[in-house]
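Residue numbers (the numbering used here): 9 to 180. Beta carbons: idealized from backbone N, C-alpha and C, even for Gly. Notes follow once the structure below has been shown.
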Amino acid sequence: MADVAAWLVRRRVALGFVAAIVALVLARPTWSTWRTGLIVAVAGEAIRIWAAGHLEKSREVTRSGPYRWTRHPLYAGSALIALGIVIAARSAVVAVVAALYIGLTIPAAIRAEEGFLRRAFGDTYDRYREARSEPMARAFSVERALRNREYRAAAGLIAGFALLAMKVLLSI
């Protein structure tokens, strides 16, 4: 089972591209589902940007911004983006593909990430995980969000919804 989880973690981006292609091919969006899905997906990306603007990957246990309330805001944002895509796509098969992708890759990534954090930060991470650590005072930083390459997820979101909009236009 650990081998499968490691495989999923290493290939989650590639699997995400496959899931996106399947979603685009099978999508049957309308302007109404496209708009609603876009609103949900943008909310997910906003959470990801907020988290990326606080995160110092591999340097600390971040406890500011959304990390004050949840250990994995980037993954929560990703799940919300996936929900937005499912709504926009208006397809039961896309919903199943998205649920499988999110349901398999995110838990595997969380386990790998938490294992790294536990090895790297020991008791500091354990206290954070058990909600026993104090939040840190840190302001959101656009520079930090850029350094964490969150622009790639935003660009993917824009491209995906542009393609779904083209699909709506071509169906008219």
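Alpha carbon to alpha carbon, what distance is there between Y136 and A153? 22 angstroms
Using only CA atoms, which one of M9, L34, A10 lies nearest to V105? L34
So, S149 versus R71, is the Cβ gap smaller than 8 angstroms? No.
For G168, name the three-state secondary structure that DSSP assigns. helix
Touch check for the region 120-140 and the region 49-56: three-plus C-beta pairs under 8 angstroms? no
Hey, is the region 55-69 in contact with the region 10-22, meaning 3+ C-beta pairs nearer than 8 angstroms? no
Could you give the distance in angstroms between the alpha-carbon of M174 and the alpha-carbon of G168? 10 angstroms
Through-space distance from I114 to A49, alpha-carbon basis: 17 angstroms
Rounded C-beta distance between P81 and A116? I'm assuming under 8 angstroms. 18 angstroms between Cβ atoms; not a contact.
Roughly how many angstroms lie between the CA atoms of M9 and A163, to the nearest whole one? Counting only the Cα atoms, A163 lies some 33 angstroms from M9.
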